[in-house]
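Q: Sharing a structure with you now.
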Amino acid sequence: MAVFISKCPHCASDQMSFSIFGFSQQIGERWKSHHTAVAGLCGKCHLPVAATLKIVNPAGNSASSYQANVAKLPNPANNLELLGFALVDVWPKPAAPSAPDNLPLTVERAFLQAEKNLTMADCEEAAATMYRRALDLGLKEAFPDEKGSLDARLKRLVKDRRLPEAVGDWAHEVRVIGNDGAHDLDGVSREDLMDARNFIDTVLKYLFTLPAQIRARKPVELPSQSGSIAEA
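What follows is the structure in structure tokens.
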């Protein structure tokens, strides 16, 4: 079937072929926009994306030839370029690296390094290591008196009610958190990585972003004034 080439927003594979399996034809006079929407499957992870194609040379096209070429897109014997189409855009977009607000600089740096690795194919272990480091540094910043391994500190903080019990329950389900060294992170799946990423993102927001937002919303205390309206 006809394919288009793009980066996969699901598995982060670059220059990946997407096999077209569906299309939407413009009807009536709308075909003159020379665009059509298609659906494609990633050749690696087999998850779908939507894309917009455009006719490369619209001058020689009629409505009937446009519709005929669009209908040929899912045919495995046809070529996207030979049918006169070029890729315009793809959705969803790959996620851009970002970190929760108000993180200490060292924590933010580790989290952003993890995010950058998340956007690259076959970098799950590197991303998991840096997400885990971001959590480790975050706990050291928030609870400098706590010592020991990351897993032990999390359990102790939950037991002492310095972190919500739900954090401990969730941490127990995140395999990456329980590992005590980067060598234990071999073979991290994309699913494990996203579990770790979502967990650590939430904990860091709880430790740093939410308190900063609450502080920013505290009412400003006005200086006391002598006298009052009643006394005037």
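Going by this note's numbering, the first residue of the sequence shown is number 12, and it counts up by one from there. Each residue gets a CB set at the ideal place from its N, CA and C atoms; glycine is no exception.
Assuming residue 111 and residue 215 are in contact, meaning their beta carbons sit under 8 Å apart, how far apart are those beta carbons, in whole angstroms?
A: One-based indexing of the sequence shown puts residue 111 at position 100. One-based indexing of the sequence shown puts residue 215 at position 204. Yes, residue 111 and residue 215 are in contact; Cβ-Cβ is about 5 Å, under 8 Å.
Q: Rounded to the nearest angstrom, what separates residue 23 and residue 203 at their Cα positions?
A: The residue given as residue 23 occupies position 12 in the sequence shown. The residue given as residue 203 occupies position 192 in the sequence shown. Cα-Cα distance, rounded: 15 Å.
Q: What's the gap between the Cα of residue 157 and the Cα of residue 151?
A: Stepping through the sequence shown from its first residue, residue 157 is reached at position 146. Stepping through the sequence shown from its first residue, residue 151 is reached at position 140. Using only the alpha carbons, I get a separation of about 7 Å.
Q: Taking a contact to mean a Cβ-Cβ separation below 7 Å, would you say residue 113 touches residue 223 in this structure?
A: The residue given as residue 113 occupies position 102 in the sequence shown. The residue given as residue 223 occupies position 212 in the sequence shown. Cβ distance < 7 Å, so residue 113 and residue 223 count as in contact.
Q: I'd like to know whether the C-beta atoms of residue 139 and residue 182 end up nearer to each other than 7 Å.
A: In the sequence shown, residue 139 corresponds to position 128, counting from 1. In the sequence shown, residue 182 corresponds to position 171, counting from 1. The Cβ-Cβ distance between residue 139 and residue 182 does not fall below 7 Å.
Q: In chain order, what residues of the same chain lie with their CB nearer than 8 Å to the CB of residue 171, ignoring the 5 residues before and after it?
A: Taking the sequence shown and counting its residues from 1, the one referred to as residue 171 is at position 160. Here the set comprises nothing.
Q: Can you tell me whether DSSP reads residue 29 as helix, strand or coil?
A: Position 18 of the sequence shown holds residue 29. In this structure, residue 29 counts as strand in the three-state DSSP scheme.
Q: So, helix, strand or coil for residue 96, using DSSP?
A: One-based indexing of the sequence shown puts residue 96 at position 85. Strand, per DSSP.
Q: Grab me the residues of residue 102's own chain with a C-beta within less than 6 Å of its C-beta, minus the 5 sequence neighbours each way, in chain order.
A: As a first step, residue 102 is located in the sequence shown; it is residue number 91 there, counting from the start. So the list reads 61, once near-sequence residues are dropped.
Q: Just how far apart, CA to CA, sit residue 65 and residue 132?
A: On the sequence shown, residue 65 is found 54 positions in, with the first residue counted as 1. On the sequence shown, residue 132 is found 121 positions in, with the first residue counted as 1. The straight-line gap from Cα to Cα measures roughly 28 Å.
Q: Residue 98 and residue 35 look like a contact to me (Cβ under 8 Å); what is the Cβ gap, rounded to whole Å?
A: Locating residue 98 in the sequence shown gives position 87, where the first residue counts as 1. Locating residue 35 in the sequence shown gives position 24, where the first residue counts as 1. With 8 Å as the limit, residue 98 and residue 35 do not qualify as a contact, their Cβ atoms being about 16 Å apart.
Q: Which ranges would you report for the alpha helix (DSSP H) in the stretch 113 to 200 if only whole runs of at least 4 residues count?
A: 116 to 129, 135 to 153, 161 to 170 and 176 to 184
Q: Quick one: what does DSSP say residue 14 is sitting in, helix, strand or coil?
A: Translated into positions along the sequence shown, residue 14 becomes position 3. Strand, per DSSP.
Q: May I have the straight-line CA-CA distance separating residue 120 from residue 149, to the nearest angstrom?
A: By one-based count along the sequence shown, residue 120 stands at place 109. By one-based count along the sequence shown, residue 149 stands at place 138. Put simply, the backbone Cα of residue 120 is about 11 Å away from that of residue 149.
Q: When we look at the beta-carbon of residue 51 and count the other beta-carbons within 10 Å, is it buried (16 or more) or exposed?
A: Taking the sequence shown and counting its residues from 1, the one referred to as residue 51 is at position 40. Per the 10 Å Cβ criterion, buried.
Q: Please classify residue 135: is it buried, with 16 or more other beta-carbons within 10 angstroms of its beta-carbon, or exposed?
A: Stepping through the sequence shown from its first residue, residue 135 is reached at position 124. Buried: at least 16 other Cβ atoms inside 10 Å.
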